[in-house]
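In order, the protein sequences belong to chains A and B.
In terms of my numbering, the first sequence opens at residue 2 and continues consecutively.
In terms of my numbering, the second sequence opens at residue 1308 and continues consecutively.
Glycine residues also receive a C-beta, built at the ideal position from the N, C-alpha and C atoms.
Treat the numbers as computed from the prediction; the structure is a model and nothing was measured.
In what follows, a single structure is set out as structure tokens and then discussed.
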Amino acid sequence: MPGKLKAKIVAGRHLPVMDRASDLTDAFVEVKFGNTTFKTDVFPKSLNPQWNSEWFKFEVDDEDLQDEPLQITVLDHDTYSANDAIGKVYIDIDPLLSCEAATVISGWLPIYDTIHGIRGEINVLVKVDLFNDLNRFRQSSCGVKFFCTTSIPRCYRVALVHGFVEELVVNEDPEYQWIDRIRTPRASNEARQRLISLMSGELQRKIGLKVLEMGGNAVVGYLQCFDLEGESGLVVRAIGTACTLDKLSPGTAPNTTTHTNTHTLPNTAPTSNACNSPSKDSKESPLAHGCRSTHNSPVHSTCSSQRLSHSQNFSVSVPTLVFTGMGSGGSVGKEAGPLKTLLRQHTQSALEQREFPIFTLTCFPPGFLVHVGGVVSTRSVKLLDRIHNPDEPETRDAWWEEIRQEIKSHAKALGCHAVVGYSESTSICEEVCILSASGTAAMLNPRFMREGCLDTGGSDHRLSRQPHPGMVGSERGEGEVSSTWLGFEDASPPSCGFVHIPYDEFNMPFPAQLTYCYHCRRQKVPDVLFTTIDLPAEAEVTGKGCLIQARLCRTKKKAQGEVNATSISNLLPFMEYELHTQLMNKLKLRSMNALFGLRIQISVGENMLLGLASATGVYLSALPAPGGIQIAGKTPSDLSYDQHISTMQKRIDDTIAKNKELYNIHPPECIEEVVGSPIPDRQRSSRLFRSTSESSDELSELDLSHGKKDAFVLEIDDTDAVEDIQSLLTDAPIPAGFYSCNTEVMPGIHNWTSGLQMFTSVRVYRLSNANLTNQGLNKIFTDLCENLLKSLYFKLRSMIPCCLCHLNFTVAVPEEELIQVAVTAVAMSFDKETQQAADKALTRGSGENEEQLQFSMEMCGESTISNNQPTAKPSGVPESAMVHSSRVSSSERCSPLPEGRSRSLRSTRSLPCGAPVTVVKMTPLSFLPGTRIVKYLGIINMFFIRETTSLREEGGVSGFLHSFIAEVFAMVRAHVAALGGNALVSYSMKECVFMENPNKNQAQCLINVSGDAVIFIRESDQEAIPPLLTSRQTSSTGADGTT
Amino acid sequence: MSVELDVFVGNTTIMDEEVYQFWLDGYTVNDAVKVRMEGGVLEECEASAEVLRSDTMDQYRTFQMCERLLHSPAKLANQLLFQIPPHRQTMLIERYYTFDGVFVREVLGKKLSKGTKKDLDDVSAKTGVTLKSCRRQFDNFKRVFKVVEELKGPLVENIRQHFLLSDKLARDYAAIVFFANNRFETGKKKLHYLTFQDFAFCAGQLISNWTVGALDNMLEDMDVDLEKEFLQDLKELKILITDKDLLDQHKSLVCTALRGKTKAFNEMEANFKNLSRGLVNIAAKLTNTKDVRDFFIDLVEKTFVLPMRLPCRSDKWTAGDMRLYLTHYTNSAHILDTFKHQVVWDRYMGVIKSCILKMYHD
């Protein structure tokens, strides 16, 4: 009996009126875990019941603790008829299972009903007593920490990166079960919510087991997705990166984990600690415990491929494009060859052992990333088939395995041994499913993966750093990292090393134009670099970055089955190519030479395909300056046509010049001469041809008016091209004071204030005209995105100067002629004055939030315990209420007036209102500017369904969705607050499926959100020492987060 | 192509005060967009009309969803649905309960019933306040009335605590509740020149001096009703006009005190008996509910407010004259040996004096 779950139901408030006669409610609560149910007494005739129940105790396996949610149902007692359900609360117990996360769940949680939305709140207390389980073959993985954050969580230090973990579980979708015909939609939706909650728990547990097998203790970059495959079932799948993390806490550091000791002592043999030899252990781990292990299990994979071959499944694999710079002509160079081979030998051995050298991380500890090759991506079109046996989801596993293999081989082709910034996604329409995966091929530092390396390089490395506790584990802190691993350091300075090509320049996997690095002048770099990762902190950037989007719409004929799948897979390569072309053009137009955070989404509908590529463009100082864009016409005879071209050329040139101003891109021009010769023939022009014309003989005809720089030639040979150029120029300029990017932070902006606004915006458009051409559709789609952006800028105008960070667009084709675009991002304002000063002072992009993490931990530990006396808060908030709001109050200073009022009111009415609602910040980023995250409380992963049969009465589709999204936010915030947190970082809305039937006055929506619940404190509070005595005072006067 | 669905939800609820005001004023989305466009937000932010429309719709939806909470403002502070900074909450509540002076004059003293609500379209047409806004304001009055009706303790404080309003606004609502409860007539033509603030001041005076709560906050009753015993006692004041000696004595005392101090002395002397009769008669009749309703009309008609305002300008008393007169009129009564009702007299005249002074203007 390894765990005891205890729950106490304290009170309810704002309950709905369930008895029309008395305008009151006779509420009671059912608390259910697994198959055990407890009930509270009925609290008669009140909308604010006080149950104050006993502790309900559930004695359960820890396996169940991980899988099952605690279900709380609030009901209205009815003497004569069946009791009416008011609503439910699902509580994920998982954060309580790790000793480093939350210890108690306590607070007001919204009572949710799939039809009525939030109906009041309930105050609960949940605790878990966990007993030690020494069973080696256990099924549970309690204690493994999960993080959505795709970088090493602040306040942790990475000891080892074990690698890729994945898992998927499938089930029948309750909505498609036979029973659904006889039960209410509400019952079926509740069944779905419950099932998905269960499946997520199970999935997390299984992933955890794999992590334990590998010897890790945490999953970073945990990405969980649902595939609603309709008839064929429900798939919940997750990927992540297994790591061994050490908590940064100076007092406990030496004796927290045995891992730490093994690493620091070079003499200890790796095998002495079984869980620290990842590769071996995982390979030989007996599968007897019933857990499917798809990674590195050859037997398994062959078996599944057999299954695939004789099953009826249809699948088409799409030729994959490898994105990097596209240019013609090679370059001649010497040197660097042997060095690279040596490096490869060292690193490969570490990675080769894994089946998938894949990492979901997008931000890395300094020195982790050695070289970056370019983007690798794979798409595969599959026909869905009913999953017959949910316990053996081999088909889906095999699909993904296939794709990961392909990704791996692409990376190999780029001379890389690993893929970073990896993500997977699906798009489903009826029975067709596009599986996509993409990542960035890279060379990694093996120090983080192998024990041996860590011991030799790592131990002295760590010792040398001990005096500067601030630097340890600050994955983005700048500076001389990776001290002397393998002795290559001189060859790859951190600020430009990652852009140096990892592949052999004589055997390039694709035509690229190489030059010597503009920074170190010793290694070769490509002319353009595309990646899916965040901009490394050590990278040197000129000017600012900006969001670059390529949008594309392609019509397709309606079809069924294999014909449909074939036509889709035929379209895909063209779409990828077009998107790539657009990205490249827009990049050049902004005078930039690298893309980060590239995310290409292709969405399938019944009669069209949508493609949306978003990335953040920057000018990497180490890469060559991009040339301009040159327009070339095909028919030079026509005078007016020539004129047209030249005006267009002028407009393009003007735009480029304007953009250079706007993004402050003024690279030093004359370095070439200084270094001189090794750069061969700079007069060449890189060319980009429109899809069909592939002739290269025009090269000589072109007038390269851009002088020394490489020109990028756009050929106008048909109306399509003209349109494209037009659209290139019609991208609306960003209003003054705004910047935007889809990466974590904007290169070139450092002085964030604490002003922060996370938002989600959803739009659905109906295409009125059924017979649209591709061009027309493209125009519409582009306008949609542009208008949406414009709206965002307008909405957030009060935050100027500000930057929209982590702009994440999701497109879908929910129905024929409908296009849905959803955006989630965070607007962060920054300080303009100090910005300019900082621009001068700081040429390197360095995160400012990372220093002195160890120190902060210590302070927090004490402050959470003993900060119950708020000296700056004059009047008496009930002591119990202050328990976790005390650490919040310092950061969220509210104007005293209204608070005082509400307090006095409460005292007179004696309602169970407790403390004022904790302010919970939400952000898709992994940090909050001007603050320090002191504790990760666990992952939040919630799934909600909302339906209505009175759409008009709820304000139409917009009103319905608006209130649903607001409710989802509210529930997320409440659960974060109940864990004791005051922020959710790495927030993402992974699913937002909206369906409507206006004729029936009905609509339904599914939303899945996730993130990491954390406690943060203001940096300004931190600076006051000793914190216990002064932090309260400083909080009342201290300026907000200026660093 | 048409936008079928368009929503924006922020973790911190975004609210534009300007749009909020449009919503409160009952503008349709289209009208609000029109006004906003004229206001020049567009040029400022390089936005299009479409953007403005989408923004306005979003805000309107947010306000509609918030409205339920604004009906019981205490909920706004501990609800979870919208994350609104406290100072914004205060703004939302304060603005929601703010009313138009012109509108409130129309319904002041009327029964807050369904019948009155039905007539709001007339009020709307007359005042130029949109019907939607009229309804909101009327419902606010009614809601506040209903809540405080059942509560004990001081009226203003109850309103302030339950609706989290500023002191000023709470006092105004107290006045509205007080007027509605006692059904004071304020709509007669002669009273048209008086503003809501005039009445609100008078109501404040009545509440703090003539109600049960005025004497003891701890009393079980509340201060919406005038104190019955006091009204009964007022009958005793009649002696001041029925006893001829007393009346003459009073007059001479007042005249002696006033002589030479004001230009309007002659007028004062000539009108003394009429005025005194008027004032005392009002006091004596207040036991009748009907006469309580006519309190303000009587003040204007039967005392000197009206006579002094209308006749030839040269005879007109200044506000200073009026103050002087009332002060001496009140004080002189203390010197009358046979007059035994000093306490009641002061309690009565204190209020009458400040009311008259407030109402004594053009």
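Test item: CB-CB of residue i and residue j under 8 Å
i	j	result
I735/A	Y664/A	no
S584/A	A614/A	The question names Ser, but residue 584/A is Leu in the sequence shown. Their beta carbons are under 8 Å apart, which means L584/A touches A614/A by this criterion.
V969/A	L985/A	no
C803/A	S762/A	no
V542/A	S592/A	no
V61/A	G144/A	no
L1476/B	E1401/B	yes
I92/A	I73/A	yes
N809/A	V824/A	yes
D95/A	G202/A	yes
V827/A	L757/A	yes
V373/A	F499/A	yes
A566/A	V382/A	yes
A1014/A	P111/A	no
T396/A	I534/A	no
G618/A	L596/A	yes
T1369/B	M1322/B	yes
I940/A	F148/A	yes
L1047/A	C554/A	With chain A represented from 2 up to 1044, any question about residue 1047/A goes unanswered, as that position is not in the structure.
Q644/A	I632/A	no
Coil, strand or helix - residue i by DSSP
i	result
L1582/B	helix
K40/A	strand
T1549/B	helix
C1662/B	helix
M923/A	strand
M609/A	strand
E431/A	coil
G877/A	Legend: pLDDT at G877/A = 38, less than 50; position of this residue unreliable, no value from coordinates given.
I940/A	strand
Q349/A	For Q349/A, the predicted model reports a pLDDT of 49, less than 50, meaning its position is unreliable and no value from the coordinates is stated.
M759/A	strand
P175/A	helix
A1339/B	helix
Q853/A	Because Q853/A sits at a pLDDT of 34, beneath the cut-off of 50, its placement in the model cannot be relied upon, and the following sentence gives the value as read from the coordinates. Three-state DSSP puts Q853/A in coil, outside helix and strand.
E402/A	helix
Y664/A	coil
4 or more residues per run - each alpha helix (DSSP H) lying fully within the stretch 1371-1434 of chain B: 1380-1385, 1393-1404, 1408-1414, 1421-1425 and 1427-1434
Output needed in chain order: residues of the stretch 753-764 of chain A with a Cβ under 7 Å from some Cβ in chain B. Q758, M759, F760, T761, S762, V763 and R764
Interfacial residues, the stretch 100-124 of chain A to chain B, with Cβ spacing under 8 Å: W109, P111, I119 and E122
Pick out the complete beta strand (DSSP E) segments inside the stretch 57-140 of chain A, 3 residues or longer, and give them in chain order. 57-61, 70-77, 85-93, 106-114 and 118-131
As an exercise, report each continuous alpha helix (DSSP H) stretch of at least 4 residues that is fully enclosed by the stretch 949-1015 of chain A, in chain order. 957-979
What are the residues in the stretch 1359-1391 of chain B lying within 8 Å of chain A by C-beta distance? L1359, S1361, D1362, M1364, D1365, R1368, T1369, Q1371, M1372, A1381, K1382, A1384, N1385, Q1386, L1387, L1388, F1389 and Q1390
Just by C-beta distance, which residues in the stretch 946-960 of chain A are closer than 9 Å to chain B? G956, G957, V958, S959 and G960
Please list, in chain order, the residues of the stretch 1309-1340 of chain B that have any C-beta partner in chain A closer than 7 Å. S1309, V1310, E1311, L1312, D1313, V1314, F1315, V1316, G1317, N1318, T1319 and I1321
Does the stretch 39-56 of chain A come within contact of the stretch 64-73 of chain A, defined as at least 3 CB pairs closer than 8 Å? no
Could you tell me whether the stretch 153-163 of chain A touches the stretch 116-128 of chain A, using the rule of 3 or more Cβ pairs below 8 Å? no
Which runs of the beta strand (DSSP E) fall wholly inside the stretch 353-381 of chain A and span at least 3 residues, in chain order? none
Mind listing which residues of the stretch 768-793 of chain A have their C-beta closer than 7 Å to chain B's C-betas, in chain order? L768, S769, I781, N788, K791 and S792
Below 8 Å, how does it come out for the stretch 1432-1445 of chain B and the stretch 1407-1416 of chain B: are there three or more Cβ pairs, yes or no? yes
Does the stretch 3-19 of chain A come close enough to the stretch 101-121 of chain A to have 3 or more Cβ pairs within less than 8 Å? yes
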